[in-house]
Amino acid sequence: MRLVFAAVLSLPLAACGPTSTPTVKATNATPAEVQAKVAAATGDTDLVRPGRWEGKMTMHDMQMSGLPPEVQQQMTARMSEPHPFTSCVTPEDVKAKRGFFTGAKDSHCTYDHFTMAGGKIDAAMVCRESVGTMKATMAGNYTPDSYHFDMQSTTEAPGAGAAQGPAAQKMTVTIDAKRTGECRGDENGAAAKTKP
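Numbering (mature numbering (1 follows the signal peptide of the UniProt record, and there is no 0)), first residue to last: -17 to -1, 1 to 179.
In structure tokens:
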């Protein structure tokens, strides 16, 4: 199942400058509906500065049912190291407000609520697919040059918790990123020149 945390890497495209802080509120909405509301609220405003974005994703907690405690500790220790990433936001991406959320056409996901106002975003999403259900929350702040988000997710497969059944998983993650200059062409996914 696609992790919603990956979606947040595109959030700089929703950031607004200090002179333009639109408010967007949605409930029981698809990612595409939220993206359309953000585009309508921001109009022709350039929402983010194009260029190279660098950041790190840090996992603070991960729990998976069915794992022995020692294996759980080893996984948590290994995953708690910050994972760096880079991306290139092009002027075309900025103009198109492209990729506000990955999976904007994903019919499996719905926002229970989404609020963007005053440089802050607070949201809760549910994704239901044949392999299981994921619930995620995210809250944080943004500017045209940086963002910080705290996220939590729970994923549960059908039959999770049963003997030798699929595992239920919980994660807590922080993502921080900032614009560091012009694109160099060596960013993660640079060939596609897409969102952070």
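Heads up, the beta-carbon is just placed ideally off N, CA and C, and yes, glycines get one too.
These figures come from a predicted structure and were not determined experimentally.
| Check | Outcome |
| --- | --- |
| Taking the C-alpha atoms as reference points, what is the distance between Ala60 and Ser136? | 19 Å |
| Which residues bound the beta strand (DSSP E) around Val7? | 7 to 12 |
| Answer yes if the segment 47 to 56 comes into contact with the segment 6 to 22, meaning at least three C-beta pairs across the two stretches below 8 Å, and no otherwise. | no |
| Between His131, Met58, Asp169, which has its C-alpha nearest Gln152's C-alpha? | Met58 |
| So, helix, strand or coil for Asp133, using DSSP? | strand |
| Quick check: the Cα distance between Cys166 and Glu75, rounded to an integer number of angstroms? | 13 Å |
| Buried or exposed for Gly123, going by 16 or more other Cβ atoms inside 10 Å? | buried |
| Going by CA-CA distance only, name the one from Thr73, Thr28, Met62, Val7 that's closest to Gly168. | Thr73 |
| Is the distance from the Cβ of Thr41 to the Cβ of Glu64 below 9 Å? | yes |
| Given a threshold of 16 other Cβ atoms within 10 Å of its Cβ, counted over all protein chains shown, does Ala119 qualify as buried or as exposed? | buried |
| If you draw a straight line from the C-alpha of Phe84 to the C-alpha of Pro14, how long is it? | With a pLDDT of 47 at Phe84, under the threshold of 50, the modelled position of this residue cannot be trusted; read the value that follows with caution. The alpha-carbon atoms of Phe84 and Pro14 are separated by roughly 7 Å. |
| DSSP has Arg61 in a bridge; who is on the other side? | DSSP lists no partner for Arg61. |
| Whole angstroms are fine: how far does the CA of Pro141 sit from the CA of Ile104? | 31 Å |
| Quick check on this structure: which residue in Thr138, Lys39, Val7 has the alpha carbon closest to the alpha carbon of Ala24? | Val7 |
| If I follow the unbroken beta strand (DSSP E) through Thr98, where does it start and stop? | 92 to 100 |
| Check whether the Cβ atoms of Met45 and Met121 lie closer than 9 Å to each other. | no |
| On the three-state DSSP scale, how would you describe Ala22? | helix |
| Tell me whether Glu165 sits in a helix, a strand or coil according to DSSP, three-state version. | coil |
| Could you compute how far the alpha carbon of Val156 sits from the alpha carbon of Thr28? | 30 Å |
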